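Worksheet for the structure shown next.
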Amino acid sequence: MPGASIVLLTYNGEQYLRQMLEMIRRQKLQPLEVLAFDSESDDSTENILQEFKIPIHNIRRSEFSHSRTRNLAASSCSSQYVIFLTQDAVPADSCWLENLLRPFEEFPHVAGAYSRQVPRPGASLLEANDLQMDFPPDRFVKKIVAGKTPDRRELWKLIQFSNSCSAYDRSLLLQNPFEEALEMAEDQEWAKRMLEQHYTLVYEPASVVLHSHELSLKDKYDRSLRMGKSFSAFLRPVLGHRSILLELGAWFAHILLDVKYIIFCKAPIKMKLKWTGLSPLHRAVIHSAYRKGWNSKTLMLKPGSAAKTTRIL
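The sequence shown begins at 21 in my numbering and counts up one residue at a time.
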């Protein structure tokens, strides 16, 4: 199997970084290199990276960008495949990397693949439900059939991709870099472009990382607002304005899915009651902020604005 470069984007990541690097060491398939791009961490992040002899590329905090920094990292790698792994995504076993790269050998014209994410022990039931919905146990090979235009639901499912743990054909990524005008959702905008060029994307659930967040309501509001703006930049020309009725429907459906998950999950009754009661509030914060971001006056990307999109098939 061709070699891979693992890229870590770090900023004050001491909580899980050592555990993640230990799991990289245990991989049956070892990467050719591991590189860190650190944004002026002021905790023990750099010490941990040095302990594991990881080369560190320093990025000014003010200059960090999810898209631009990853584009820079891809150009700094030397392997056929580049793996992006966030500092809090910990490989679950010693086959994580091997399984993540397997789709490139099993399917033709694969542009990228991404791993399954499962919650850490103690994650909130709402976070666990979101991960279960977005990262199910079955593999999904994504293509756009020639002559067929995906509807709204199909489009969202097709472009689902996550740079928390992802693998890319490096040469293709260099020719089709991430859209640097986006604050977030650079992975899914890239996925949309690649699918439109008739490349294949693979969700590979045999490759698993532990990855979950415990965000405050304010954090959820801020993140959802930024996500709404970012997705709107490249999807609003296709999907249009988000009406309040559409958002209310999505909010209600989200609550029903939470309740269904909570009923059948293994958790103490007190915890189930707690998150059943909190679900409407948390989902209202997320959906209201997302709609506000989506409908705001924001950058609208033109088709092909990210880069030259030369096919290499």
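Using N, Cα and C, we set each Cβ at its ideal position, and we do this for glycine too. Just so it is clear, the structure is predicted and the values come from calculations on it, not from any experiment.
Legend entry - Euclidean distance between Cα positions of residue 289 and residue 73: 46 Å
Legend entry - Three CB pairs or more closer than 8 Å across the stretch 144-151 and the stretch 192-203: The stretch 144-151, when compared against the stretch 192-203, does not touch it at the 8 Å Cβ threshold.
Inset, instruction - Report the residue from 43, 81 and 41 whose alpha carbon sits nearest the alpha carbon of residue 58. - result: 81
Legend entry - Between the CA atoms of residue 309 and residue 299 - distance to the nearest angstrom: 15 Å
Legend entry - Residue(s) in a DSSP beta bridge with residue 189: 101
Inset, instruction - Pick helix, strand or coil for residue 183, following the three-state DSSP scheme. - result: coil
Legend entry - Extent of the continuous alpha helix (DSSP H) to which residue 39 belongs: 34-45
Inset, instruction - Just grab the DSSP bridge partners of residue 56 for me. - result: 28 and 76
Legend entry - CB contact flag (residue 129, residue 219, <8 Å): Contact annotation: residue 129 and residue 219 have beta-carbon atoms nearer than 8 Å.
Inset, instruction - Look up residue 228 in the DSSP assignment and say whether it is helix, strand or coil. - result: strand
Legend entry - 8 Å CB neighbourhood of residue 296 in its chain, flanking five on each side removed: 278, 279 and 282
Legend entry - Bridge partners - residue 162, DSSP secondary structure assignment: 221
Legend entry - Assigned exposure category for residue 91 - 16 Cβ within 10 Å defines buried: buried
Inset, instruction - Tell me whether residue 332 is buried or exposed, calling it buried when 16 or more other Cβ atoms sit within 10 Å of its Cβ. - result: Only weak support is given to the placement of residue 332: the predicted model assigns it a pLDDT of 27, under 50, and the value that follows is read from those uncertain coordinates. By the 10 Å Cβ count, residue 332 comes out exposed.
Legend entry - Distance, residue 316 Cα to residue 94 Cα: So the alpha carbons of these two residues sit roughly 32 Å apart.
Inset, instruction - Give every residue of the same chain whose Cβ lies closer than 6 Å to the Cβ of residue 301, excluding the five residues on either side of it in the sequence, and list them in chain order. - result: The beta carbon of residue 301 is closer than 6 Å to none in its chain, skipping five residues each way along the sequence.
Legend entry - Contact belief for residue 116 with residue 47 at Cβ below 8 Å, rounded distance in angstroms: 6 Å
Inset, instruction - Count the C-beta pairs between the stretch 146-166 and the stretch 253-263 that are closer than 8 Å, then say yes if the count reaches three, no if not. - result: no
Legend entry - N- and C-terminal bounds of the alpha helix (DSSP H) containing residue 256: Counting along the chain, the alpha helix (DSSP H) containing residue 256 begins and ends at 237-259.
Inset, instruction - Spell out a yes or no on whether the stretch 100-112 and the stretch 177-191 are touching, meaning 3 or more CB-CB pairs, one atom from each, closer than 8 Å. - result: yes
Inset, instruction - Report the rounded CA-to-CA distance for residue 23 versus residue 52, giving the unit in angstroms. - result: 6 Å
Legend entry - Element boundaries [alpha helix (DSSP H), containing residue 308]: 289-315
Inset, instruction - Using the DSSP secondary-structure output, state which residues sit across from residue 132 in a beta bridge. - result: 188 and 221
Legend entry - Where the alpha helix (DSSP H) through residue 113 begins and ends: Premise fails: residue 113 is in no alpha helix (DSSP H) and is neither H nor E.
Legend entry - Distance, residue 97 Cα to residue 15 Cα: Residue numbering for the chain in the displayed model covers 21 to 333; residue 15 lies beyond these limits and cannot be assessed.
Legend entry - Element boundaries [alpha helix (DSSP H), containing residue 269]: 264-284
Inset, instruction - Classify residue 208 as helix, strand or coil using the three-state DSSP reduction. - result: Under the three-state reduction of DSSP output, residue 208 falls in the helix class.
Legend entry - C-alpha gap between residue 228 and residue 264, whole angstroms: 36 Å
Legend entry - Residues that DSSP places opposite residue 169 in a beta bridge: Its beta-bridge partners do not exist; DSSP assigns none.
Legend entry - Burial state of residue 33, where buried means 16 or more other Cβ atoms lie within 10 Å: buried
Inset, instruction - Please report the residue range of the alpha helix (DSSP H) in which residue 152 lies. - result: Residues 145-154.
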